[in-house]
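Here the protein sequences come in this chain order: C and Z. Taking this note's numbering, I'd label the letters of the first sequence as residues 21 to 489. Taking this note's numbering, I'd label the letters of the second sequence as residues 21 to 489. Idealized CB from N, CA, C, for every residue including glycine. Only a predicted model underlies this, so the values are computations on that prediction, with no experimental measurement involved. To start, the structure under review is shown below, and the notes come after it.
Number of protein chains: 2
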Amino acid sequence: MGDHGEAVVKKAIEALRGAENEQLERLREFLRIPSVSTYAEHRGDVEAAASWLARQLEALNAEEVRLVPTGGAPVVVGHLPPPVPGAPTVLVYGHYDVQPVEPLKEWRSEPFAPEIKGENLYARGASDMKGQIMAVLNALEALTAGGGGMPVGVRFLFEGEEEIGSRHLADFMKKHPDLLAADICLNPDAGMLGPEQPAITYALRGLAYFELRVRGPAHDLHSGAYGGAVHNPAQALCELIACMHDESGRVTLPGFYERVRALSAEERRDLARLTESDRKILETAGVRKLWGEPDYSVLERIGARPTLEVNGLLSGFTGEGSKTVLPAVAMAKISTRLVADQRPEEVREQLEAFIREHLPDTVSWELEQFAAGPPVLCPTDSPGIRALSGAMETVWGRRPLFRRSGGSVPVGAYLQQFAGVDSVLTGFALPDDNMHAPNEKLHLPTWRKGSEALVYFFHALAAGQAEEK
Amino acid sequence: MGDHGEAVVKKAIEALRGAENEQLERLREFLRIPSVSTYAEHRGDVEAAASWLARQLEALNAEEVRLVPTGGAPVVVGHLPPPVPGAPTVLVYGHYDVQPVEPLKEWRSEPFAPEIKGENLYARGASDMKGQIMAVLNALEALTAGGGGMPVGVRFLFEGEEEIGSRHLADFMKKHPDLLAADICLNPDAGMLGPEQPAITYALRGLAYFELRVRGPAHDLHSGAYGGAVHNPAQALCELIACMHDESGRVTLPGFYERVRALSAEERRDLARLTESDRKILETAGVRKLWGEPDYSVLERIGARPTLEVNGLLSGFTGEGSKTVLPAVAMAKISTRLVADQRPEEVREQLEAFIREHLPDTVSWELEQFAAGPPVLCPTDSPGIRALSGAMETVWGRRPLFRRSGGSVPVGAYLQQFAGVDSVLTGFALPDDNMHAPNEKLHLPTWRKGSEALVYFFHALAAGQAEEK
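In structure tokens, the structure reads:
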């Protein structure tokens, strides 16, 4: 970076620090919108969050800001043209929808009334990912406010269905390739390893999410009058689910591991540098002991190995006390997390074949699918990742670690598939932020450092590209 | 029965038939009280049902009618003294509480707004067992109204916690032996085999009902961030439940069958006479195929074999759509039906030992018990059963069949244990009455015949005892 560049960045950082109160107020406003995409009753709130975001883009002087309708929640788009011909364009991705808040009684504050306690801001979506979106907008605002102007072109793409599997995103991308044209995608939906250890994520797991309903009798029966002579669908469901893993924790669906890419010795060595966090995983999960495939490290199990999870169970009587029913139906929410090169559509077939083979004809069943997103695996030596790595080192004083994330962000796979755009996956969420759980929070000092790092990133990206040319 | 006896019974039957409208109106009044013992919010309704019953006993000129407090719902008592010294005393047992109504949306009429359609009266508790209690009171009223007076002494014992395992009944009996003094107990909480086939039940299964909670992480986790490295308690619960039966449907708790009395060849032959109802069981259950221990007939599986059922399952996210949680806790309601000579307290120990052996230390667990009632097996040649058998033959024109019931009525075991009183188990519920399910109903013609049979029964019991003396 030349002297001029350094001065420009310095002023942008000053502008960023000078606007902290406004940034925080703006984030709180965003967090007050209960944009839960899972429930139809929140449809209006989801739309309100989209409109709110569009107004933020207009405030940044973005052009052609609009809400693009889909079969579900709209996609918010807009763009800032490249400052000079040949400057790179960054596609900024985010999702403005949030997870449901249940179980509500476990929250210590109202999920949609953001509350600061110590260094943390508590609210649903604070960390996943309204806070992350606002970190990017903070940085872009500061670049302008600092007087140096925008060093790169920016495209915005904010969806409202990420928490329900990005159902309409692939269709949207197929219809609007013009809105995806970019050199790189910045996706801040991943997180840090700790407040002092930034990270860049180069792999995300795919997701295929199902609801399985096993049906027995036509209606709930008296367990005394029929128990022992009618197959209990709750028992049948448990017996089926019990077969889905072997004793070592491996998933038993035939063919499930066939396309899984083996880890190279080099990658395993790199990932092994991260295992200091085993203890942290124990702590934040609140378990006494970890679990899983014995031949893989904990971080490999989470990031590089596919899994099958029971996300929910419901059958029969679940109120207080006792009711002696033999239930008519038993339901399980079952999801699989996939790694390169597994395909969600094949996993559905494997699951169906497994159920057909294992469920006896004393019960019937139906399988509904709610999400199908492929896994992502990105090159770690792209200009975007080099720029981000340097920016993070500047702010935290240490190089980011490269890692695989266990989470699923279908957009990454879609962008590779439909627009040939690789993603830089990062973000400033911490492992103890309670994402998808009660008392979700955002660590404000880390969030502010994150905004600074993004100021450096946008500059470094422009400078890096200029050097290469 | 002498001529005088015949005339007396004839007048009582006439009085019974003449009061049909009042009987029906009274039953509807009883059914309008939502006395669901399972839920604390219905506590007032349960008390109201007790008071309502006490008023009915007073109308019969019963003496010392009162509500005896227990740790839970009160026991309604009262008595009609023997008409002559040495006349037998019948203890009439009933429960005035009812099952919960969920799932409410499957009811075609309001559960507590009794509605007649065709020959049936629809309401929660119509068949189990407010209708049965009222059949006895109808008969007793007619005996007085007919002018012949009461042929036997009667004690009433109506509890309000049968549907939640008769929690306080054993304590009540230990405290009040004077209220149990009787020659025989008439318990009409069992049922018929069909509208034309009366039955007398000589065995009831015991019940031990549990809630098992398996705990994993301290709170719900993001299944992407932790899946594969933290043991999922829903999966652990399913794996545990799956071990509780072997492939033939036998319960695998060690020692579970140790005390089970084997069926004699004679009893198996008698029970085999009842197997015509296999098809009916299929129909009323609404299943394509029956299930269970292959070495036993369907009626043996239900009546003479112990079972273990999953009555409810709850874990994680169970709303519409998807939420990618790794649940903190998974709950199962599990109950065992027991046969002579199993002991509920031993079964609890067997279950606990089983859980300890099979659940890994990646999760923790707790077991709560809601009911513990021993099984009942009564002699089939007592004066009471002879009297009832004759009464039924008079009304239906065919001898009742003797059978074992799969249901559980702890009172029978307690009466044997604490007062040495055997029970006559009968009743006028039909197999398709939807007991414990939506759209519970009572078949009115059968109910009226039942009241008549009880008129004959009380007389025959007095006459039989007189003959023996």
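Length at least 4, wholly inside the region 160-202 of chain Z: the alpha helix (DSSP H) runs in chain order: 189-195
Proximal chain Z residues relative to residue 142 (chain C), where beta-carbon distance stays under 9 Å: None at all; the shortest Cβ gap to chain Z is about 14 Å.
Between the CA atoms of residue 88 (chain C) and residue 99 (chain C) - distance to the nearest angstrom: 14 Å
Buried or exposed by the 16-neighbour rule on C-beta atoms within 10 Å, applied to residue 41 (chain Z): exposed
Cα-Cα separation, residue 476 (chain C) to residue 377 (chain Z): 57 Å
Within 9 Å of chain Z by C-beta, residues of the region 258-279 of chain C in sequence order: 258, 259, 260, 261, 262, 263, 264, 265 and 269
Three CB pairs or more closer than 8 Å across the region 248-256 of chain C and the region 213-221 of chain C: no
Distance cut-off 7 Å: residue 406 (chain C) Cβ against heavy atoms of the ligand FMN: In the structure on display, the ligand FMN does not appear, and there are no ligands present to speak of.
Straight-line gap, residue 117 (chain C) to residue 125 (chain Z) (C-alpha atoms, nearest Å): 32 Å
Partner residues on chain C for residue 149 (chain Z), Cβ-Cβ distance less than 8 Å: Per Cβ cutoff of 8 Å: no residues; residue 149 (chain Z) is ~12 Å from chain C at best.
Residue 444 (chain C) - DSSP class collapsed to helix/strand/coil: strand
Under 7 Å by beta carbon: chain C residues contacting residue 309 (chain Z): 381 and 382
Chain Z within 8 Å of residue 240 (chain C), Cβ atoms only: yes
CB of residue 74 (chain Z) within 8 Å of CB of residue 85 (chain Z), strictly: yes
Local conformation of residue 135 (chain C) per DSSP, three classes: strand
For residue 230 (chain C), the residue or residues it bridges with in DSSP: C:354 and C:389
DSSP three-state assignment for residue 99 (chain Z), whether helix, strand or coil: strand
Of the residues C:38, C:170 and C:148, the one placed nearest residue 481 (chain C), counting alpha carbons only: C:170
Three CB pairs or more closer than 8 Å across the region 317-329 of chain C and the region 359-372 of chain Z: no
Selected residue, minimal CA-CA separation from residue 110 (chain Z), among Z:25, Z:128, Z:408 and Z:352: Z:408
Min CB distance residue 333 (chain C) to chain Z below 8 Å: yes
Cβ of residue 222 (chain Z) within 8 Å of any chain C Cβ: no
Same chain, Cβ closer than 7 Å to residue 361 (chain C), five either side skipped, listed in chain order: 279 and 281
Proximity of residue 237 (chain C) and residue 373 (chain C) at Cβ, strictly below 8 Å: no
Neighbouring residues, chain Z, relative to residue 341 (chain C) (Cβ below 7 Å): 58, 184 and 390
Given 8 Å, three or more beta-carbon pairs between the region 347-354 of chain C and the region 200-212 of chain C: no
Short Cβ contact (8 Å threshold) for residue 490 (chain C) with residue 304 (chain C): Missing from the structure shown is residue 490 (chain C); chain C here goes from 21 to 489 and no further.
Residue span of the beta strand (DSSP E) that contains residue 423 (chain C), given as start and end: 421-425
Interface positions of the region 151-173 of chain Z facing chain C (Cβ-Cβ less than 9 Å), listed along the chain: none
Any C-beta of chain C under 8 Å from that of residue 394 (chain Z): no
Candidates C:230, C:302, C:264 and C:452: closest to residue 391 (chain C) by CA position: C:230
Range of the contiguous beta strand (DSSP E) that encloses residue 336 (chain C): 327-336
Residue 266 (chain C) versus residue 272 (chain C): straight-line alpha-carbon distance, rounded: 6 Å
Residue 260 (chain C) classed as buried or exposed, judged by whether at least 16 other C-beta atoms fall within 10 angstroms: buried
Separation of residue 251 (chain C) from residue 380 (chain C), as counted between CA atoms: 9 Å
Spatial distance of residue 299 (chain C) from residue 68 (chain C) (CA atoms): 41 Å
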